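Chemist:
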Amino acid sequence: MEKKDIKSLTLAELKAETASLGEKPFRAVQLYEWMHRKLSRSFAEMTNIPLAMKEKCGENYHYTALRTVTVQESSIDGTKKYLFALPDGNMVESVWMRYKHGNSVCISSQVGCRMGCRFCASTLDGLVRNLTASEMLDQIYAITLETGERVSHVVVMGSGEPLDNYENLLRFITLLTDENGLHVSQRNVTVSTCGIVPMMRELAQEKLQITLALSLHAATDEKRRELMPIANRYTLEELMDCCSYYFEQTGRRITFEYSLVRNVNDTRKDAETLAALIRGLNCHVNLIPVNPVKERDYVQSGRQAVEAFAALLAKKGINATVRREMGRDIDGACGQLRRRFLDNSSAILCKMDESCLHE
Ligand code: SAH
């Protein structure tokens with residue numbers, strides 16, 4: 006029988022597990038604290054747990070921990086990009102950013118992705134597998150340990166489509182925001198989706214206080230289909246209805262992400278169509294100059310086009326910000342670091358700082 010993944014269990018589930026091992030409930034509380042507060046990397050570190058119980062745990066449960074393969078630090082803004090190896094040897098990447106309002110971590114939710122967005126590096130080799138809740142948490146835990154600083158904000162905007170890994174995502178949010186764990190505020194958690202309508206509706210019904218970000222990238226179905234295969238499944242009309250529903254259910258303003266690609270979706274006409282599409286919705290628009298990916302020939306919009314686009318939205322009364330590009334010098338965009346590593350591991354190994362290697 007496959008061992009259960011102990012770090013993905015809620016405290017209530019863990020209490021039931023320890024009872025089945027013949028242990029007292031306070032042992033579950035201790036285990037939970039070691040895993041989710043002290044961010045312990047193995048049972049061996051848990052000094053107030055008797056050796057016999059640690060052995061029993063080792064026999065019955067799988068304990069996930071990531072191995073840091075590389076850390077790259079931006080010399081522009083201090084952003085750090087981590088490449089982690091999972092227990093099965095697959096790799097995921099995460100990004101740590103320092104803002105005035107606190108430290109933010111961007112995590113991956115899957116190894117690879119099957120959504121196929123044309124400008125995205127994560128999807129080039131398709132989906133390898135879903136991450137477990139513990140593997141999503143581990144990215145934040147490893148970074149907290151490495152930086153020695155509290156993570157206050159989490160964005161699920163790395164590789165993968167979080168709503169394509171729904172059960173694990175919900176479990177992850179429960180554990181991350183639990184008062185017995187890191188206790189990150191739900192309001193500081195953002196989940197970004199390419200727009201899987203039925204799953205967005207399910208998420209709305211959870212009535213969480215998280216922010217939902219929708220990757221829009223185009224304001225007509227025709228253009229969106231060119232950039233995102235998911236647009237063949239759900240129309241913009243369905244998506245906009247779904248966004249209104251999300252707001253009704255949760256009271257949370259939707260964020261629209263719009264990556265600006267030169268001469269593809271960045272003209273005045275595009276901005277006008279976008280403004281008309283989202284008028285009346287309680288929302289915020291994040292404009293992101295597209296990050297060029299070497300396998301694709303999309304070109305970033307020029308500064309002037311970006312500013313004109315933002316100004317037009319503002320004139321129409323739409324709340325929009327141009328996302329500051331963080332970590333531009335360190336393969337900041339989704340899936341780029343993992344790809345480069347898979348492409349040419351020797352090249353990147355030469356670039357990295359030896360002290361970042363934790364064996
Ligand atoms: N699958 C989810 C989350 C991961 S992608 C989603 O689609 O939202 C996070 C965001 O980065 C999405 O808005 C995605 O469209 C965008 N993105 C991916 N590759 C990019 C690139 N090369 N340049 C700019 N934005 C990119």
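Going from the sequence shown to our numbering is simple: count from 1 and add 5.
Ideal Cβ placement from N, Cα and C applies to all residues, glycine included.
Owing to the predicted nature of the structure, the values given are computational and were not obtained by experimental measurement.
Quick one: what does DSSP say Thr128 is sitting in, helix, strand or coil?
Modeler: Start at 1 with the first residue of the sequence shown, and residue 128 comes out as number 123. Correct three-state label for Thr128: coil.
Chemist: Considering just the uninterrupted stretch of the beta strand (DSSP E) at Ser109, what are its terminal residues?
Modeler: Stepping through the sequence shown from its first residue, residue 109 is reached at position 104. Per DSSP, Ser109 belongs to the beta strand (DSSP E) from 107-111.
Chemist: Can you find the residues in the same chain that come closer than 6 Å, C-beta to C-beta, to Gly117, ignoring five residues on each side of it along the sequence?
Modeler: For this step, residue 117 is matched to residue 112 along the sequence shown. Contacts found: Asp130, Gly131, Leu132, Val133.
Chemist: For a test of your reading of the model: does the CB of Val100 fall under 7 Å from any non-hydrogen atom of ligand 1? Yes or no.
Modeler: Position 95 of the sequence shown, counted from the first residue, corresponds to residue 100. Answer for Val100: no, Cβ out of range of ligand 1.
Chemist: Evaluate the contact criterion for the region 7-19 versus the region 32-43: three or more CB pairs, one atom per stretch, below 8 Å.
Modeler: Cβ pair count under 8 Å is three or more, so yes.
Chemist: Near Cys361, what residues of its chain come up, given a Cβ to Cβ distance below 7 Å and the 5 sequence neighbours on each side ignored?
Modeler: On the sequence shown, position 356 is the one that residue 361 refers to. Its pLDDT being 25, under 50, Cys361 is placed unreliably in this model, and the value from its coordinates should be taken loosely. Around Cys361: Thr73, Thr75, Val76.
Chemist: Let me check understanding here. Comparing Cα to Cα, which of Asn108, Leu217, Gly94, Ala90 lies closest to Thr84?
Modeler: Within the sequence shown, numbered from 1, the residue matching residue 84 stands at position 79. Answer by Cα proximity: Asn108.
Chemist: Less than 7 Å between the CB of Cys247 and some heavy atom of ligand 1, yes or no?
Modeler: If you number the sequence shown from 1, residue 247 lands on position 242. Because no heavy atom of ligand 1 lies under 7 Å away, the Cβ of Cys247 does not count as near it: no.
Chemist: Given a cut-off of 8 Å on the beta-carbon distance, is the pair Arg257 and His289 in contact?
Modeler: Locating residue 257 in the sequence shown gives position 252, where the first residue counts as 1. Locating residue 289 in the sequence shown gives position 284, where the first residue counts as 1. Not a contact, by the Cβ cut-off of 8 Å.
Chemist: Taking the straight line between their C-alpha atoms, what separation do you get for Asn65 and Leu56?
Modeler: By one-based count along the sequence shown, residue 65 stands at place 60. By one-based count along the sequence shown, residue 56 stands at place 51. For Asn65 and Leu56, the distance between alpha carbons rounds to 14 Å.
Chemist: Mapping the DSSP letters down to three states, classify Cys248 as helix, strand or coil.
Modeler: Locating residue 248 in the sequence shown gives position 243, counting from the first residue. Here Cys248 sits in helix by DSSP.
Chemist: List the residues that DSSP assigns as beta-bridge partners of Asp10.
Modeler: The count along the sequence shown starts at 1 and reaches residue 10 at position 5. For Asp10, which the question treats as bridged, DSSP gives the partners His67.
Chemist: Since Leu244 and Tyr263 should fall inside the 8 Å C-beta cutoff, what is the C-beta to C-beta distance between them, to a whole number of angstroms?
Modeler: By 1-based counting over the sequence shown, the position of residue 244 is 239. By 1-based counting over the sequence shown, the position of residue 263 is 258. No, Leu244 and Tyr263 are not in contact; Cβ-Cβ is about 13 Å, not under 8 Å.
Chemist: Starting from the Cα of Leu150, find the closest Cα among Thr198, Cys247, Asn53, Trp101 and give me that residue.
Modeler: Residue numbering aside, residue 150 sits at position 145 when the sequence shown is read from its first letter. Comparing Cα positions, the closest option is Trp101.
Chemist: I'd like the span of the alpha helix (DSSP H) that includes Leu317, first residue to last.
Modeler: Sequence index remark: in the sequence shown, residue 317 carries index 312 (1-based). From DSSP, the alpha helix (DSSP H) with Leu317 extends over 308-320.
Chemist: Looking at the secondary structure, which residues open and close the alpha helix (DSSP H) in which Arg103 lies?
Modeler: The residue labelled residue 103 in the question sits at position 98 within the sequence shown. Run containing Arg103: none in the alpha helix (DSSP H); it sits in the beta strand (DSSP E), 96-104.
Chemist: Compute the beta-carbon to beta-carbon distance between Leu208 and Leu219, rounded to the nearest angstrom, for a pair I have assumed lies under 8 Å.
Modeler: For the purposes of this step, residue 208 is taken as the residue at position 203 of the sequence shown. For the purposes of this step, residue 219 is taken as the residue at position 214 of the sequence shown. In fact, because the Cβ distance is near 11 Å, the residues do not count as touching under 8 Å.
Chemist: Could you give the residue range of the beta strand (DSSP E) that holds Val116?
Modeler: Residue numbering aside, residue 116 sits at position 111 when the sequence shown is read from its first letter. Its beta strand (DSSP E) spans residues 115-117.
Chemist: Assuming Thr69 and Pro92 make a contact with CB atoms under 8 Å, what is their CB distance in whole Å?
Modeler: Taking the sequence shown and counting its residues from 1, the one referred to as residue 69 is at position 64. Taking the sequence shown and counting its residues from 1, the one referred to as residue 92 is at position 87. The Cβ separation is near 6 Å, so the contact holds.
Chemist: Any heavy atom of ligand 1 closer than 7 Å to the Cβ of Glu78?
Modeler: On the sequence shown, position 73 is the one that residue 78 refers to. Answer for Glu78: no, Cβ out of range of ligand 1.
Chemist: At which residues does the beta strand (DSSP E) containing His41 begin and terminate?
Modeler: The sequence position of residue 41 within the sequence shown is 36, counting from 1. Where His41 is concerned, there is no enclosing beta strand (DSSP E), although the alpha helix (DSSP H) it sits in stretches over 30-41.
Chemist: From the DSSP output, in three-state form, read off Ser220 for me.
Modeler: Translated into the one-based positions of the sequence shown, residue 220 becomes position 215. Strand at Ser220.
Chemist: Comparing alpha-carbon positions, which option in Ala24, Gly285, Ser99, Glu312 lies nearest Asp271?
Modeler: Residue mapping note: residue 271 aligns to position 266 of the sequence shown, counting from 1. The shortest C-alpha separation from Asp271 is found at Glu312.
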